[in-house]
Amino acid sequence: MTFDASVETEFWMFDDCSEIKTVEQNRYANIYSITSELSGHCEVISIPVPIDCTDRFQVALYARSHEFLNSEVQNSQSAWKVFATWRGDTVREDLESGRCNQKYSQRKRKPFINCQLRLVVLLP
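Start counting at 1 in the sequence shown, then tack on 447, and there's your number in the working numbering.
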């Protein structure tokens, strides 16, 4: 499982914080480099993230943005360590003031979102 930073995402954080998208793009190998290292035919499957996903990776919290204010969540997500120095206060203000909920309320009510999460399967 990996992320394909080259595809569009419905995750709202990247709209407001292009820096975090850049951080994430630099962390993951592109899909072509992954599939070219595998010997055989690969299928790349998009994995939608459900609203009730219990994991706490960034996209899984798309409908529960208030959790990004939790220091445990921030400490468990490596991108925040870099991101906080750039825009952490701005994001915190948007979340605390409710601007984030107003701006992205439609996306945050979706039962799942399409994001950059991908499953790479090597076929026999």
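Every residue gets a Cβ at the ideal spot worked out from N, C-alpha and C, and that includes glycine.
Runs of alpha helix (DSSP H) with 4 or more residues, each lying fully within the segment 465-540, are found at 465-474, 478-484 and 518-523, listed in chain order. Judged by DSSP in its simplified three-state form, residue 559 adopts strand.
When DSSP reads this structure, residue 450 sits in a beta bridge with 564. Of all alpha-carbon atoms in 476, 525 and 541, the one lying nearest the alpha-carbon of residue 513 is that of 541. In this structure, residue 494 lies away from residue 570, with their beta-carbon atoms at least 7 Å apart.
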